[in-house]
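Asks: Quick one: the structure is below, questions incoming.
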Amino acid sequence: MSLEQVLVSTDWVVKDLKVPNIRFVEVDVDTKAYLESHVLGAVGWDWGTQLCDTVRRDIIPKDKFEQLMNNSGIDNSTTVILYGDNNNWFAAWAFWQLKIYGHNDVRLMNGGRKKWIVEGRELVKEIPTYPKTSYRAQNPDYSIRAYLPDVSKAIENRVVQLVDVRSPQEFTGEILAPPGLPETCQRGGHIPTAKNIPWSKACNDDGTFKSAEELKKLYASAGITGEKPVIAYCRIGERSSHTWFVLKYLLGLQNVKNYDGSWTEWGNLVGAPVEKP
Amino acid sequence: MPKAEEYSERKTELSGWAVNIVTYRLGSTYYTTVENNDPGAWVVKAEGLTREETEAKALKDAEVLLAKIKKTPPPTGCISVPGY
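Sequence lines, in order, name chains A and B.
Its first residue numbered 1, the first sequence is counted upward by one per residue in my numbering.
Its first residue numbered 278, the second sequence is counted upward by one per residue in my numbering.
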């Protein structure tokens, strides 16, 4: 798989803005950002209501996922280009869910919303509408998702490596969540055996991903080389989707899972071991 | 179609937090975001008709919010995170 099949530049987007079978989708942490402005023709997805089960804590159910794709004018052959704020946190979260439901061609715009704005690219406020489609999702592929028992087992057998992608302040338990973000937990610290490699280390100042060589060095310095399976986690699973994308697609690791339960699950468990160095 | 113009970023410290202040103009509106540097998340946003007014509002709101965040220093001897 070539890099362009999963990651495209802002220049690539400008060139293909009006190609009919390409759909641009903005997914932001700040769910009001899309309404302020967005890339021409882009639809906006709200991660808090459209990319999760709104009743129980889970990813979006299959039927709702199909509905979202239908309403966004996306069919099974559409190339979906995702981008968003915070260097693509929730764009990566959406990417991960599209892969769970087997969408074939989904890519991230390198640098996300920030790079588009920094480069002074054109922005619009108009919300586009597209003819409805009849999207058929595949049965979910949970081989890229880690659940609580997988993490408990990883601590016991030490065969699987855990990567905590939160900030050092969250990792040490100094804070429970980044300022301004409400989802939190009862205890601070991290899951035993986890290595702290903050997601942001994988990015350049302009929001783009670092080179494969730099990334390889970064993760290898913490012993993440792909020889063992890896589980990435953060607070609610969006920053770890970003790292999951890096490890799986930019570094080509075969066995990487995103633990979306993350610290808000582990840090709330009664009796779970917590490391607070 | 409008484009983002007058983009600027600058780093400073607010209530003990390293923050990044991002401002740009789109049409006649200025947008400012105050981001917390390390976790990398946005903290507050503001919009207004001048850069000065917009940044001042964002900084004021960010300072109030950041001052409320409780920090618990980690135990000494932490070897996993450089600096502790």
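Don't be surprised by glycine CBs; every beta carbon is placed ideally from N, CA and C.
1. Nearest CA to the CA of I298 of chain B: which residue from B:S305, B:G304, B:Y284 and B:T306?
2. Beta carbons nearer than 7 Å to chain A: which residues of the segment 284-310 of chain B have them?
3. Report yes or no: do three or more beta-carbon pairs, one from the segment 125-142 of chain A and one from the segment 171-181 of chain A, lie closer than 8 Å?
4. Please list the segments of the beta strand (DSSP E) lying wholly inside the segment 39-75 of chain A, counting only runs of 3 or more residues, in order along the chain.
5. Determine the closest residue to L218 of chain A out of A:I231, A:L35 and A:T243, with distance taken between C-alpha atoms.
6. Please report the distance separating the alpha-carbon of D141 of chain A from that of I100 of chain A.
7. Counting only beta-carbon separations shorter than 8 Å, does E122 of chain A have a partner in chain C?
8. Rounded C-beta distance between K276 of chain A and G188 of chain A? I'm assuming under 8 Å.
9. Kindly list, in the order they appear in chain B, the residues whose Cβ is closer than 9 Å to that of N86 of chain A.
10. Please return the same chain residues whose Cβ sits closer than 7 Å to the Cβ of S262 of chain A, not counting the five positions on each side in sequence.
11. Can you name the start and end residues of the alpha helix (DSSP H) that R107 of chain A belongs to?
12. Three-state secondary structure (DSSP) at V159 of chain A?
13. How about I155 of chain A: is its C-beta nearer than 8 Å to some C-beta of chain B?
14. Please determine if the segment 321-341 of chain B and the segment 302-313 of chain B are in contact, where contact requires at least 3 C-beta pairs separated by less than 8 Å.
15. Using DSSP's beta-bridge definition, name the partner residues of E324 of chain B.
16. Could you tell me whether the segment 107-126 of chain A touches the segment 46-58 of chain A, using the rule of 3 or more Cβ pairs below 8 Å?
17. P273 of chain A and I155 of chain A: beta carbons closer than 8 Å?
18. Pull the bridge partners of K195 of chain A from the DSSP assignment, please.
19. What residue range is occupied by the uninterrupted alpha helix (DSSP H) comprising N297 of chain B?
20. Relative to the C-alpha of I355 of chain A, which candidate in A:N87, A:C185 and A:N157 has its C-alpha closest?
21. Helix or strand or just coil, what does DSSP make of N258 of chain A?
22. Closer than 7 Å by beta-carbon distance: list the chain B residues that pair up with V118 of chain A, in chain order.
23. Could you tell me which chain B residues have their CB closer than 7 Å to the CB of I175 of chain A, listed as they occur along the chain?
24. Taking 8 Å as the cut-off, decide whether the C-beta atoms of V13 of chain A and A91 of chain A are in contact.
25. Using only alpha-carbon positions, find the residue among A:V163, A:A33, A:P61 and A:S152 that is nearest to I127 of chain A.
26. When DSSP labels each residue in this structure, what does Y361 of chain B get in the three-state scheme?
27. In angstroms, rounded to a whole number, what distance separates the CA positions of G293 of chain B and K62 of chain A?
28. Taking a contact to mean a Cβ-Cβ separation below 8 Å, would you say H38 of chain A touches V160 of chain A in this structure?
29. May I have a chain-ordered list of the alpha helix (DSSP H) segments no shorter than 4 residues that lie completely inside the segment 221-245 of chain A?
30. Are the CB atoms of D105 of chain A and V80 of chain A nearer to each other than 8 Å?
31. By alpha-carbon positions, which one of A:V246, A:A194 and A:Y249 ends up nearest to A222 of chain A?
Replies: The answer reads as follows:
1. Ranked by Cα distance from I298 of chain B, the first of B:S305, B:G304, B:Y284 and B:T306 is B:Y284.
2. Y284, W294, Y301, L303 and Y308
3. As far as the Cβ criterion goes, the segment 125-142 of chain A does not touch the segment 171-181 of chain A, which means the pair count is below three.
4. Listed in chain order, the complete beta strand (DSSP E) runs (minimum 3 residues) inside the segment 39-75 of chain A are 43-45.
5. A:T243
6. When only Cα atoms are considered, D141 of chain A and I100 of chain A end up about 5 Å apart.
7. You won't find chain C in this structure, because its protein chains are A and B.
8. 7 Å
9. E312, G317, A318 and W319
10. Within the same chain, S262 of chain A has close Cβ partners Y233, C234, R235, I236, G237 and S240.
11. R107 of chain A -> not in any alpha helix (DSSP H); beta strand (DSSP E) instead, spanning V106 to M109.
12. coil
13. So no, I155 of chain A is outside the interface.
14. yes
15. B:Y308
16. The segment 107-126 of chain A makes no contact with the segment 46-58 of chain A: fewer than 3 CB pairs, one atom from each, lie closer than 8 Å.
17. yes
18. A:V163
19. Unbroken run through N297 of chain B is the beta strand (DSSP E), W294 to L303; no alpha helix (DSSP H).
20. Outside the shown range of chain A (1 to 277) lies residue 355 of chain A, about which nothing can therefore be said.
21. strand
22. Think of a sphere of 7 Å around the beta carbon of V118 of chain A: the chain B residues whose beta carbon falls inside it are Y284, in chain order.
23. I346 and K348
24. no
25. A:A33
26. With a pLDDT of 41 at Y361 of chain B, under the threshold of 50, the modelled position of this residue cannot be trusted, and the question is left open.
27. 44 Å
28. no
29. 238-245
30. yes
31. A:A194
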